[in-house]
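J.: My questions will all concern the structure given below.
In our numbering, the protein residues as written are 943 to 1644.
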């Protein structure tokens, strides 16, 4: 696990180094993304959130009316859960009414993009915009209608054909315009805009307007089982948001009151319809009683009859109340529920007592029995009539004093600070995405590039050391006719070449005069740059150095030192010139150059000849060190042949340009005819990073 964590840390560190190294790619991506983020943040219209609070009451608090209702009031008191109320509020019945009242189906969208970015957009509100599009032929193009503000009270409107249909229109007025054999109706009730600002007019379907409203509206319960609902609404205009939210709160409150009154109104209507029949029944019972008394005369009701009568009335009233309770219980519970069973047992007991009372009444004289019967009918009808009147009065009081189960705690108020857009968050996200995009480009570039960058990787794969990493600098080996190491000895590239010189000295046999063969994989890797300056550095140690240009095809060392091209190595090998006469002195003390000479027809044969080997042996007697600059090894075999007498082989490769397979193959080719020589690599044009530490960009010594 520790190994994996270390590997991940190393990978992250390498990625960071790669990003720093490729800052010219990453920085523009981040800057561009930041600019886009700023434009997006400016493009998004500010959105304001307004809120209101409502309370859902668990029961009706009707005050005196509730206390007067007594048991009947419990029939109309309901406790709706907050979840139920939330669903009712989100219903089309409530929201649709608000959409209609606030004219939310009609839209006037500002068109100027620059005004939107600068937040100077105008505003237009519509009361009506009804265009009979169905009256147009199907083949006719249906473009938008455009409104243009003249000032805060007047406007122009262009139809889909860009014809002026309303010129110098006034807000608050309704315009009826002939359109395709029908009539278009337009009414604008508010304009807040500068002269010339334009708006695209449109109308949504009612369902789309409701869905659009739901997207900006939210209702939730604050806390758990508090019964307090919070309404929130998002709008680009805070004053309109306040009006809309207060309208939906008021509308729901009104619908709640109407809903709670509906049951009481239905019961009241039923009782008022039944009242004449009950009164007629009471009058009929009273007339029968009076007629019987007139027929038999005055009849005194003795104490025994009175007791029987009062007992019968009491039993009938109790039975009526019990039967009502039983109906309520049956509606709430199953027939076998204990509550229902208890009420049935009580009902049976009352019926038995009532039957016993009837038996007692039959023992009375016939006259007393008839009087008892008629008196009972009169009393019962009076009780029913009086009870119905009381219930009607109570229901009227309930209906008049009903306030619903909802009350508004806080109305919405206008706010001044928008909740959207979060500009800082948008900018941070944009910058992060820019960094990610830049990292992706760098990663893709790294994957597509087959070049090797890591010196340790080269050493591990090839088995040969990397003696120097020469940073990018002057691509020419000399400045004028003098080497860079002679003109600017403190240059960072020269410091790297000094490290190469030291490494080569340590690997040389001190008892022999060394010969260093320098080659590269392909042209342009800086092979001649390394040869020239390495020779100058060795010469600076007091050694007599001979630099041989063995690139007989395209040699250019004579140009580096300002020497006119003439007889050189090719002419010496052909026997056309003397070796000592062909060597030229340079401005650097102890440094001599043998140029390539004129291009021969058979350079490989010349370099592979015995004459070449004997020539190098002759020069070993005259010089302390010989450096042979050879052609690219991957193009011709001349390099391997030229390096046959060398005791040190130096392969110059360019940073991030060659694959490891090409490097291995190049070294194999270079060693093909000289396996005993000590070989090493030099990475030229190396790109250092901050993490590479001391040794780069440290400046010049004073």
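Backbone N, C-alpha and C fix where the C-beta goes; we use that ideal spot for every residue, glycine too.
Could you round the C-beta distance between residue 1121 and residue 1073 to whole angstroms and report it? I think they count as a contact, below 8 angstroms.
T.: As a working mapping, residue 1121 is identified with position 179 in the chain shown. As a working mapping, residue 1073 is identified with position 131 in the chain shown. Sure, about 7 angstroms apart at Cβ, within 8 angstroms.
J.: What's the call for residue 1011, buried or exposed, on a 16-neighbour Cβ count within 10 Å?
T.: Against the chain shown, residue 1011 aligns to sequence position 69. At residue 1011, the pLDDT of 44 sits below 50, so the modelled position is not reliable; the number obtained from the coordinates is stated separately. By the 10 Å Cβ count, residue 1011 comes out buried.
J.: Under 7 angstroms, do residue 1487 and residue 1481 count as touching if we go by C-beta distance?
T.: As a working note, residue 1487 is residue 545 in the chain shown. As a working note, residue 1481 is residue 539 in the chain shown. It is a contact, given that the beta carbons lie within the stated cut-off.
J.: By the 10 Å Cβ neighbour count, where 16 or more other Cβ atoms means buried, how is residue 1020 classified, buried or exposed?
T.: Along the chain shown, read from residue 1 onward, the residue named residue 1020 stands at position 78. Caution is warranted here: a pLDDT of 45 is assigned to residue 1020, below 50, making its placement in the model unreliable, and the coordinate value is therefore given only provisionally. The residue is exposed, with fewer than 16 neighbouring Cβ atoms inside 10 Å.
J.: Kindly indicate which residue of 1187, 1618 and 960 has the alpha-carbon position closest to the one of residue 1037.
T.: Against the chain shown, residue 1037 aligns to sequence position 95. Among 1187, 1618 and 960, the Cα nearest to that of residue 1037 belongs to 1187.
J.: Candidates 1354, 1356, 1093 and 1490: which alpha carbon is nearest residue 1524's?
T.: As a first step, residue 1524 must be located in the chain shown, where it is residue number 582. Measuring from the Cα of residue 1524, the nearest candidate turns out to be 1490.
J.: So, at 7 angstroms on beta carbons, what are the nonlocal neighbours of residue 1016 in its own chain, with the 5 sequence-adjacent residues on each side left out?
T.: Along the chain shown, read from residue 1 onward, the residue named residue 1016 stands at position 74. Model confidence at residue 1016 stands at a pLDDT of 46, short of 50, so the residue's coordinates are unreliable; what they give is reported in the following sentence. Around residue 1016: no qualifying Cβ.
J.: Hey, residue 1587 and residue 1619: beta-carbon distance below 7 angstroms or not?
T.: Start at 1 with the first residue of the chain shown, and residue 1587 comes out as number 645. Start at 1 with the first residue of the chain shown, and residue 1619 comes out as number 677. Going by C-beta atoms, residue 1587 is not nearer than 7 angstroms to residue 1619.
J.: What does the alpha-carbon distance come out to for the pair residue 1061 and residue 960?
T.: What you label residue 1061 is simply residue 119 of the chain shown in a count that begins at 1. What you label residue 960 is simply residue 18 of the chain shown in a count that begins at 1. Going from the Cα of residue 1061 to the Cα of residue 960 covers about 41 angstroms.
J.: To which residues does DSSP link residue 1525 through a beta bridge?
T.: Looking up residue 1525 in the chain shown gives position 583. Answer is 1536.
J.: Pick out whichever of 988, 1169 and 1601 has its Cα sitting closest to the Cα of residue 1025.
T.: The residue you call residue 1025 lines up with position 83 of the chain shown. For residue 1025, the nearest C-alpha among the options comes from 1169.
J.: For residue 1013, which of helix, strand or coil comes out of DSSP?
T.: To locate residue 1013, count along the chain shown from 1; it is residue 71. Summary for residue 1013: the model assigns pLDDT 45, below 50, so the residue's position carries little reliability, and this model does not support an answer.
J.: I need the straight-line Cα distance from residue 1052 to residue 1194, nearest angstrom please.
T.: In the chain shown, counting from the first residue as 1, residue 1052 sits at position 110. In the chain shown, counting from the first residue as 1, residue 1194 sits at position 252. Near 32 angstroms, if we compare the C-alpha coordinates of residue 1194 and residue 1052.
J.: In the structure shown, what three-state DSSP assignment does residue 900 receive?
T.: Residue numbering for the chain in the displayed model covers 943 to 1644; residue 900 lies beyond these limits and cannot be assessed.
J.: Work out the CA separation of residue 965 and residue 1383 for me, nearest whole Å.
T.: The count along the chain shown starts at 1 and reaches residue 1383 at position 441. The count along the chain shown starts at 1 and reaches residue 965 at position 23. The C-alpha of residue 965 is placed about 11 angstroms away from the C-alpha of residue 1383.
J.: Look up residue 1110 in the DSSP assignment and say whether it is helix, strand or coil.
T.: Locating residue 1110 in the chain shown gives position 168, counting from the first residue. Three-state DSSP puts residue 1110 in a strand.
J.: Grab me the residues of residue 1395's own chain with a C-beta within less than 7 angstroms of its C-beta, minus the 5 sequence neighbours each way, in chain order.
T.: Counting from 1 along the chain shown, the entry for residue 1395 is found at position 453. Cβ contact annotation for residue 1395 (same chain, cutoff 7 angstroms, sequence separation greater than five): 1597 and 1598, in chain order.
J.: Exposed or buried, residue 1378, counting other C-beta atoms within 10 Å across all chains shown (16 or more means buried)?
T.: For the purposes of this step, residue 1378 is taken as residue 436 along the chain shown, with counting starting at 1. Under this definition residue 1378 is an exposed residue.
J.: Taking the Cβ atom as the reference point for each residue, do residue 1538 and residue 1494 lie within a distance shorter than 7 angstroms?
T.: As a position in the chain shown, residue 1538 is number 596, starting the count at 1. As a position in the chain shown, residue 1494 is number 552, starting the count at 1. Result yes, Cβ atoms of residue 1538 and residue 1494 sit closer than 7 angstroms.
J.: Tell me, which residues are paired with residue 1362 by DSSP?
T.: Here residue 1362 corresponds to residue number 420 of the chain shown, with the count starting at 1. The partner list for residue 1362 (beta bridge, DSSP) reads 989.
J.: Assuming residue 1426 and residue 1436 are in contact, meaning their beta carbons sit under 8 angstroms apart, how far apart are those beta carbons, in whole angstroms?
T.: Your numbering for residue 1426 matches position 484 in the chain shown. Your numbering for residue 1436 matches position 494 in the chain shown. The pair is a contact, with the Cβ atoms about 6 angstroms apart (cut-off 8 angstroms).
J.: Within the continuous alpha helix (DSSP H) that includes residue 1084, where are the two ends?
T.: Locating residue 1084 in the chain shown gives position 142, counting from the first residue. Where residue 1084 is concerned, there is no enclosing alpha helix (DSSP H), given that its DSSP letter is neither H nor E.
J.: Find the nearest neighbour of residue 1164 within the set 1101, 996 and 1114, judged by alpha-carbon distance.
T.: In the chain shown, the residue the question calls residue 1164 occupies position 222. Of the listed residues, the one whose Cα sits closest to residue 1164 is 996.
J.: If you reduce the DSSP assignment to three classes, tell me which class residue 1374 lands in.
T.: Within the chain shown, numbered from 1, the residue matching residue 1374 stands at position 432. If DSSP states are grouped into helix, strand and coil, residue 1374 belongs with the helices.
J.: Less than 7 angstroms between the C-beta atoms of residue 1469 and residue 1460, yes or no?
T.: Counting from 1 along the chain shown, the entry for residue 1469 is found at position 527. Counting from 1 along the chain shown, the entry for residue 1460 is found at position 518. Closer than 7 angstroms, so yes.
J.: According to DSSP, residue 1160 sits in a beta bridge with which residue or residues?
T.: Here residue 1160 is taken as the residue at index 218 of the chain shown, counted from 1. According to DSSP, which records beta bridges pairwise, residue 1160 is partnered with 1174.
J.: Per DSSP, what are the beta-bridge partners of residue 1628 in this structure?
T.: Locating residue 1628 in the chain shown gives position 686, where the first residue counts as 1. Beta-bridge pairing links residue 1628 to 1413.
J.: Where does the unbroken alpha helix (DSSP H) through residue 1457 begin, and where does it stop?
T.: Sequence index remark: in the chain shown, residue 1457 carries index 515 (1-based). Membership of residue 1457 in any alpha helix (DSSP H) is not indicated; the residue belongs instead to the beta strand (DSSP E) covering 1457-1462.
J.: When you compare each of 1078, 1534, 1215 and 1091 to residue 1102 by their alpha carbons, which one comes out closest?
T.: Position 160 of the chain shown, counted from the start, is the residue given in the question as residue 1102. Here the closest residue by C-alpha is 1078.
J.: Going by the beta-carbon positions, is the gap between residue 1380 and residue 977 smaller than 7 angstroms?
T.: Working through the chain shown from its first residue, we reach residue 1380 at position 438. Working through the chain shown from its first residue, we reach residue 977 at position 35. No; because the gap between Cβ atoms is not below 7 angstroms, this pair is not in contact.
J.: I need the boundaries of the beta strand (DSSP E) containing residue 1049, first residue and last residue.
T.: Looking up residue 1049 in the chain shown gives position 107. 1048-1052 is the span of the beta strand (DSSP E), which, as asked, contains residue 1049.
J.: Leaving out the 5 sequence neighbours to the left and right, which residues in its chain are closer than 7 angstroms to residue 1093 when beta-carbon positions are compared?
T.: The sequence position of residue 1093 within the chain shown is 151, counting from 1. Correct list, in chain order: 1137.
J.: Am I right that residue 1703 and residue 1568 are in contact with their C-beta atoms under 8 angstroms? What's the rounded C-beta distance?
T.: Residue 1703 lies beyond the range of the chain shown here (943 to 1644); nothing can be said about it.
J.: Can you give the Cα-Cα distance for residue 1075 and residue 1128, rounded to whole angstroms?
T.: In the chain shown, the residue the question calls residue 1075 occupies position 133. In the chain shown, the residue the question calls residue 1128 occupies position 186. If I take the Cα positions, the gap works out to 14 angstroms.
J.: I'd like to confirm the pairing. Which residues does DSSP put opposite residue 1193 in its beta bridges?
T.: If you number the chain shown from 1, residue 1193 lands on position 251. Partner(s): none; residue 1193 has no beta bridge.
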